[in-house]
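According to our numbering, the sequence shown is numbered sequentially starting from 10.
From the three backbone atoms N, C-alpha and C, an ideal C-beta is built for every residue, glycine too.
Just so we're clear, the structure is a prediction, and the values are computed from it rather than from any experiment.
To start, the structure under review is shown below, and the notes come after it.
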Amino acid sequence: MSIRNATVSAAFALLAAALATGALAQEGAKARKGDGPCAEDAKKFCGNEKPGGGRVAKCMKSHESELSPACQSAMKAAEERVREVREECKGDAEKFCQGIRPGQGRILACLKSHQSELAPACAAEFNRKKK
Numbered sequence: 010m011s012i013r014n015a016t017v018s019a020a021f022a023l024l025a026a027a028l029a030t031g032a033l034a035q036e037g038a039k040a041r042k043g044d045g046p047c048a049e050d051a052k053k054f055c056g057n058e059k060p061g062g063g064r065v066a067k068c069m070k071s072h073e074s075e076l077s078p079a080c081q082s083a084m085k086a087a088e089e090r091v092r093e094v095r096e097e098c099k100g101d102a103e104k105f106c107q108g109i110r111p112g113q114g115r116i117l118a119c120l121k122s123h124q125s126e127l128a129p130a131c132a133a134e135f136n137r138k139k140k
């Protein structure tokens, strides 16, 4: 594997991780408000975590096997959405974000800044994410 391909692969893996954290963080945000299937689990396992930076999502992930079936299902659905976005947006990430240093949501921000230029399937994933 060339250095360029390795770099793009690593960057894309970090993008996927950022998206996963974001999707799981949405579940965590619902849970903190007392909404959603993970509310009780979030209180029980991660009530002492300070919100932000994906801390609640990471905590929930670390307790995945102990979560209620409904919460596990919601988290799996969020992870599936991440896989869909990763698949649909891989080409656009390689095309538009090649020189972007991975981490802290920079690749995701790059893709958002090119939203009008993204392939239809990738753009649709971003539009769906807003809902």
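Of the other Cβ atoms in all chains shown, fewer than 16 fall within 10 Å of the Cβ of Ala-118; this residue is therefore exposed. Pairing Ala-66 with Glu-93, the inter-Cα distance amounts to about 19 angstroms. In the three-state reduction of the DSSP assignment, Glu-89 falls in the helix class, which pools H, G and I. Between the stretch 95-110 and the stretch 61-81, the count of C-beta pairs closer than 8 angstroms stays below three; the two stretches do not touch.
Annotation for Leu-76: Asp-50 place their beta carbon closer than 6 angstroms to its own, counting only its chain and skipping 5 residues before and after. Secondary structure note for Ser-125: it is in no alpha helix (DSSP H), with a DSSP letter that is neither H nor E. In its chain, beyond the 5 residues on either side, Pro-46, Cys-47 and Asp-50 have a beta carbon closer than 6 angstroms to the beta carbon of Cys-80. In the structure shown, the three-state DSSP call for Arg-110 is coil. Of all alpha-carbon atoms in Gln-113, Gln-107 and Gly-112, the one lying nearest the alpha-carbon of His-123 is that of Gln-107. Rounded to the nearest angstrom, the Cβ distance from Ala-102 to Ile-116 is 6 angstroms, consistent with a contact under 8 angstroms. Under the three-state reduction of DSSP output, Pro-46 falls in the coil class, being neither helix nor strand.
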